[in-house]
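Working notes, beginning with the structure itself.
Residue numbers (this note's numbering), protein chains in the order written: chain A, 4 to 254; chain B, 4 to 254; chain C, 4 to 254; chain D, 4 to 254.
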């Protein structure tokens with residue numbers, strides 16, 4: 004019987020020694036802000052892939068690489084190590100398709116963090132405001148009060164225009180579930196219209212995150228990367244639309 | 004692997020001795036009547052929090068407190084003790100998102116009641132009539148015929164304008180499932196339009212309940228509390244709307 | 004943890020000796036034809052209740068009896084015994100709310116049939132044609148070819164106007180799943196518009212079934228029973244509508 | 004308790020010795036291309052049925068054969084053996100109704116392939132383009148780069164007009180999941196409008212597949228077969244529509 008979730012580490016991972024690692028989560032979400040920032044950092048820092056996650060809570064499809072190679076939908080773990088710093092990245096194609104799957108996957112991510120002895124988790128996302136934003140702010144959330152001042156010191160705001168609200172999906176659940184394991188976690192959300200891959204929101208989040216983890220990353224190629232990602236997502240959505248209509252018809 | 008449901012009692016709970024406790028359930032529902040009554044009583048009686056319930060049947064999101072602290076969606080247990088009376092309250096952010104989860108959660112609540120040796124359960128809710136109601140009545144339901152006269156003696160009616168019907172969610176299922184464990188349970192439903200947090204319906208339910216359990220609670224601040232709750236719910240719904248659109252787009 | 008399905012036999016069942024029993028299934032469905040026929044037979048034959056089935060695949064709600072007593076949604080088993088005949092009836096409030104639940108419940112019904120050593124199963128239903136029908140025919144389906152001639156000898160037809168098609172829910176799945184247990188099963192479907200509780204379709208099915216099992220039942224009160232059932236269903240649907248809107252709003 | 008999935012081999016299967024078998028999957032999907040090709044090959048090659056697959060992830064209904072015999076929705080395994088060649092076909096009525104069921108079923112198909120020591124899997128499908136296509140191309144996907152040249156040598160193209168995209172359902176997931184078991188697998192997709200059973204797309208796929216497995220099959224009767232299949236699907240969809248409306252009403 005297929006497992007709900009499988010986590011596989013690559014062979015290269017065995018040689019690694021992680022020192023007080025941090026984990027940065029950037030899965031698909033509002034305005035693709037988290038995904039864009041995390042994948043951009045992986046690219047610019049030449050982080051090394053160390054693992055893969057597959058799950059039957061992801062959409063039931065394979066993804067076609069440009070060369071016609073089909074692969075399961077997946078999440079991936081990357082590692083960047085330099086000057087005593089260990090940064091693990093969690094990125095991927097999809098989040099869960101069901102509510103219960105969201106919880107089970109997010110708890111799995113926290114279990115990975117615990118096993119890797121992660122000291123702090125940063126989850127990245129967008130904060131949808133429904134209209135274009137000039138100079139998008141970065142809004143913060145924490146899973147422990149003591150974590151707030153550090154975020155405020157790099158310009159992250161906790162003043163929402165509307166009070167209350169929540170954070171849906173992995174970026175939020177990781178905060179809640181890692182608290183139960185005693186792991187510090189914060190969420191950085193860039194204000195975004197939410198309709199397109201948003202490099203402006205991503206730049207704001209990247210800037211704040213770079214300061215927080217003391218790891219400068221040149222933001223000048225974010226626009227190019229956003230354009231590529233927008234194109235890739237569009238073609239995937241197009242492809243799925245045609246197929247879903249058909250599957251509904253024949254299901 | 005994450006548990007379906009986790010029930011955690013706080014440390015303060017160990018020192019407590021409950022004497023013939025009753026359980027009052029007031030989870031979100033029609034016109035937020037049950038939630039408003041139970042949370043208002045907790046506030047006015049200064050009941051003490053004794054436990055928390057988390058579940059993957061709740062919506063997959065965290066809730067942001069005003070100070071930017073993120074926490075998992077949850078239900079909570081509160082305890083009020085005075086003059087030999089022990090009253091446990093069950094309140095919370097959400098009910099289940101799936102039909103099967105509703106059964107599993109409701110059965111968990113009944114298991115808690117059985118463990119605490121609860122003598123009687125009161126589930127609170129609204130009875131949606133679709134139009135504004137002047138002088139809303141309180142409609143009753145019981146899980147044992149013998150429980151009906153006591154309710155009628157405080158003005159609760161069993162005469163529906165329309166015969167038949169049902170009670171959806173925790174307020175109903177707790178009645179059905181607690182009967183199988185031999186626990187008495189009644190449901191009090193205030194007539195309500197159903198469209199807004201309804202302090203008038205709540206006042207009717209509170210008045211009947213106070214008499215039934217012989218615990219007077221001053222109803223004069225119900226309007227203020229209802230206004231606060233309406234505001235909190237609106238902002239949460241707003242927040243989720245924006246996010247859901249996005250998640251649908253990218254999921 | 005609550006069971007997926009619980010089957011409870013009443014105390015009176017222990018004294019019974021069933022001789023080559025048959026099982027008649029009449030759960031809710033198209034035009035309520037099966038439910039109407041089976042509940043009418045139970046009423047007219049004064050069959051005795053012998054068991055109850057509860058399941059978390061039923062809708063998450065309790066049903067209110069006229070006297071304010073709340074009970075879980077359920078299916079029921081009734082027994083009629085006379086002159087060496089043993090007839091078990093399976094009726095109830097609901098079918099499953101999920102596709103997987105349909106399979107699990109239908110298999111449970113077949114397991115009950117096997118335990119009771121049922122020789123033949125009759126599942127009853129409506130065959131929706133979308134318009135009013137004068138002199139509705141009874142269409143048949145069998146889970147073994149040898150069962151067809153007996154049905155045809157009492158006027159059941161196997162000539163559909165449109166070829167192909169299927170039978171959704173318990174009435175169909177019981178045929179398929181009982182075959183795997185070596186139990187003979189046939190389905191009788193009365194042609195019906197499908198929009199209302201249909202006593203004309205029920206009369207046709209009752210007439211064919213009475214001949215097949217050699218058990219005459221006076222059909223003259225079917226109209227009254229249909230009118231009662233229509234009223235009960237309407238009020239239940241009304242009640243649920245109001246509640247569901249609200250639950251969607253607050254869920 | 005009913006199993007998620009049951010795989011039953013017929014008695015005739017025990018006598019067979021499979022030599023380096025290949026597996027051809029043609030389940031329902033876009034334009035019914037895969038189903039049409041596989042069922043047509045089974046018919047023309049007079050392949051022998053060797054097994055059946057039932058699952059609670061299929062729709063909860065039975066299918067009526069022309070003679071009134073009701074049977075569970077199912078997938079079927081057929082075997083063709085000649086001149087040292089062993090070809091197993093996987094065809095059937097339905098794919099899964101849920102995302103998780105898609106993964107579980109596809110993994111079961113790969114497990115079957117592993118047990119039968121299948122050397123190579125061919126999954127067949129349609130590639131929906133939303134408009135009529137003259138001279139439909141066959142698009143390919145592989146689960147290992149080395150498999151691509153063989154496909155290209157028979158005219159299969161890997162040049163999509165739009166980059167990216169995915170393959171939904173069994174045809175795709177089998178590629179991804181069989182890779183984990185070390186089984187080679189390729190997917191052949193005929194370009195199709197997607198709206199009707201498409202014999203033109205099927206002819207293109209059949210032609211490429213025949214060359215790849217060196218097994219010529221006369222394509223001239225594909226049109227007749229497509230017309231039959233279209234009629235069967237229409238009547239099934241008609242039947243389900245009427246029933247679903249009703250089930251929604253009474254559920």
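Ideal Cβ placement from N, Cα and C applies to all residues, glycine included.
The structure presented is a predicted model; accordingly, all values stated were derived computationally and were not measured.
- For the pair residue 53 of chain D and residue 108 of chain D, the CB atoms are not nearer than the 7 Å cut-off.
- For residue 4 of chain A, there is no enclosing beta strand (DSSP E), since its DSSP letter is neither H nor E.
- Only those residues of the region 134 to 153 of chain C whose C-beta falls short of 7 Å from the nearest C-beta of chain D are listed: 143, 144, 145, 146, 148, 151.
- Taken in chain order, the unbroken stretches of alpha helix (DSSP H) that lie wholly in the region 86 to 168 of chain C and span 4 residues or more are 102 to 118, 151 to 156.
- With its beta carbon at least 7 Å from every one in chain B, residue 28 of chain A lies outside the interface.
- Within 10 angstroms of the beta-carbon of residue 78 of chain A lie 16 or more other beta-carbons, which makes it buried.
- Where residue 26 of chain B is concerned, there is no enclosing alpha helix (DSSP H), although the beta strand (DSSP E) around it starts and stops at 25 to 28.
- With at least 16 other beta carbons inside 10 angstroms of its own, residue 128 of chain B counts as buried.
- When Cβ-Cβ separations below 7 Å define contact, residue 59 of chain C makes no contact with chain D.
- Under a 10 Å Cβ-count criterion, residue 226 of chain C is classified as exposed, with fewer than 16 other Cβ atoms of the shown protein chains found around its own Cβ.
- Taking a cut-off of 8 Å on C-beta distances, the region 24 to 35 of chain D touches the region 182 to 200 of chain D, as three or more cross pairs fall below it.
- Scanning the region 196 to 241 of chain D for uninterrupted alpha helix (DSSP H) segments of 4 residues or longer gives 202 to 216, listed from N- to C-terminal end.
- Residues of chain C whose Cβ lies closer than 9 Å to the Cβ of residue 74 of chain D are, in chain order, 146, 178, 179, 182.
- For the set B:130, B:83, B:156, the Cα lying nearest the Cα of residue 211 of chain B is the one of B:156.
- Residue 63 of chain B belongs to the set of residues whose beta carbon lies under 7 Å from a beta carbon in chain A.
- Beta-bridge pairing by DSSP links residue 51 of chain D to D:82.
- Annotated three-state conformation of residue 68 of chain B is coil, per DSSP.
- The alpha carbon of residue 131 of chain A has as its nearest neighbour, out of A:4, A:214, A:58, A:191, the alpha carbon of A:191.
- Not a single C-beta of chain A is nearer than 7 Å to the C-beta of residue 92 of chain D.
- Cα atoms of residue 10 of chain B and residue 28 of chain C: separation of roughly 41 Å, rounded to the nearest angstrom.
- The C-alpha of residue 169 of chain A lies about 56 Å from the C-alpha of residue 139 of chain C.
- Annotation for residue 151 of chain D: 145 place their beta carbon closer than 6 Å to its own, counting only its chain and skipping 5 residues before and after.
- At least one beta carbon of chain B lies nearer than 7 Å to the beta carbon of residue 71 of chain C.
- Looking at B:183, B:92, B:134, B:160, the one whose alpha-carbon comes closest to that of residue 196 of chain B is B:134.
- If you draw a straight line from the Cα of residue 220 of chain C to the Cα of residue 204 of chain C, it comes to about 15 Å.
- Among the residues facing chain D, residue 125 of chain C is not included, as its CB has no counterpart in that chain under 7 Å away.
- Contact between the region 64 to 74 of chain B and the region 116 to 128 of chain B is absent: fewer than three C-beta pairs spanning the two stretches fall below 8 Å.
- Taking 7 Å as the cut-off, the beta carbon of residue 67 of chain C is found no closer than this to the beta carbon of residue 106 of chain B.
- C:38 is the residue among C:117, C:38, C:51, C:143 whose C-alpha sits nearest the C-alpha of residue 97 of chain C.
- Residue environment: residue 232 of chain D is assigned as buried (16 or more neighbouring CB atoms within 10 Å of its CB, all protein chains considered).
- Exposed is the label assigned to residue 4 of chain A, since fewer than 16 other Cβ atoms lie within 10 Å of its Cβ.
- Within chain A, the C-beta atoms nearer than 8 Å to that of residue 106 of chain D come from 5, 59, 63, in chain order.
- In terms of beta-carbon proximity, residue 161 of chain C lines the interface with chain D, with at least one pair separated by less than 7 Å.
- Among the CB atoms of chain B, none fall inside 7 Å of the CB of residue 96 of chain A.
- In this structure, residue 159 of chain B lies away from residue 179 of chain B, with their beta-carbon atoms at least 7 Å apart.
- Beta-bridge pairing by DSSP links residue 57 of chain C to C:9.
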